[in-house]
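Below is one structure, written out as structure tokens; the observations come after it.
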Amino acid sequence: MKQETSSKVVAGVGIFAAIAASLCCIIPLLALLAGSSSMAANFSWIAPARPYLIGLSIVVLISAWYQQLKPKSKVDDCNCEPPKKTSFLHSKGFLGIVTIVAVVMMTFPLYAKMFYPKPKVQAAPVAIINNKEQISYNIEGMTCEACEEHLNIELSKVKGVIDYNTSYANKHSIITFDKSIVDIKKIEEVINNTGYKALNYKSINTTK
0 MKQETSSKVV AGVGIFAAIA ASLCCIIPLL ALLAGSSSMA ANFSWIAPAR PYLIGLSIVV
60 LISAWYQQLK PKSKVDDCNC EPPKKTSFLH SKGFLGIVTI VAVVMMTFPL YAKMFYPKPK
120 VQAAPVAIIN NKEQISYNIE GMTCEACEEH LNIELSKVKG VIDYNTSYAN KHSIITFDKS
180 IVDIKKIEEV INNTGYKALN YKSINTTK
């Protein structure tokens, strides 16, 4: 009984660590679905700890499987009670489900991008081409490609934003906009409202 409880606790720790490891990438998607962009970067502080959390999850799951698969000790006592039937929560089947969920959570950043709708790029009419400006913003708080997609979607909603190219790896977003419709202050406000932080920007080119 004590062994079964220990196995259950270890499995729980494993899946908790796996979910925690990917919260920094899960939250942006949940924020988009909930319509609350400001919560997107609330868990970006977890990103540096992600490798350690994944390692912890793997170690505890291996331990749980060891507890499940190791040979049971035999008790040669004719007066002992017959073994009780193992509940589903203590079974290999349940541990298998926990392991699959943990793997799905740990690898979430690798496929998170596919859950985001494709942002719409606003076409630039010929009449406003002369008002185009392009800037590069340094962005703090992005941790994976899901963050890129989240920020691009929010930028695509801004009237006057013509194009955008966000990179979490380079921690920046290159934005092309019509300065007769939207200004830099508004763009910065949109970025900050996602929960990420626009640190500074530089002008790449300006057409007058």
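Residues in the sequence shown are numbered from 0 upward in steps of one, following numbering that gives the first Met the number 0. Built from N, CA and C at the ideal position, the CB exists for glycine as well. Bear in mind the structure is a predicted one, so any value in this text is a computation, not a measurement.
In the structure shown, the three-state DSSP call for SER62 is helix. With a threshold of 16 other beta carbon atoms within 10 Å, THR106 falls short and is exposed. If you check the CB distance, CYS143 and TYR167 come in under 8 Å. When secondary structure is reduced to three states using DSSP, VAL181 falls in the coil class, being assigned neither helix nor strand. Residues SER135 of the same chain have their beta carbon placed closer than 6 Å to that of LYS201, with the five preceding and five following residues left out of the count.
With a contact defined as Cβ atoms closer than 8 Å, ILE173 and ILE203 qualify at about 7 Å. Between the alpha carbons of PHE87 and PHE93 lies a distance of about 6 Å. Listed as beta-bridge partners of VAL160 by DSSP are PHE176. Buried is the label assigned to GLY140, since at least 16 other Cβ atoms lie within 10 Å of its Cβ. HIS149 places its beta carbon less than 8 Å from that of THR193. In the three-state reduction of the DSSP assignment, SER166 falls in the strand class, which pools E and B. For PHE176, the closest alpha carbon among the candidates GLN133, LEU52, ILE190, THR165 is that of GLN133. In the displayed model, TYR110 falls within a helix according to three-state DSSP. Per DSSP, reduced to three states, the secondary structure at TYR51 is helical. In this structure, the beta-carbon distance from LYS131 to ILE161 falls below 8 Å.
Pairing GLU147 with LYS158, the inter-Cα distance amounts to about 19 Å.
MET113 is classed as exposed because its beta carbon has fewer than 16 other beta carbons within 10 Å across all chains shown. Annotated three-state conformation of LYS69 is coil, per DSSP. Between ALA197 and LYS185, the alpha-carbon positions lie close to 12 Å from each other.
A straight-line Cα-Cα distance of about 10 Å links VAL8 and HIS89. Counting of Cβ neighbours within 10 angstroms places GLY54 among the exposed residues, the total staying below 16. Cβ atoms of MET104 and ALA48 stay farther apart than 8 Å, at about 15 Å.
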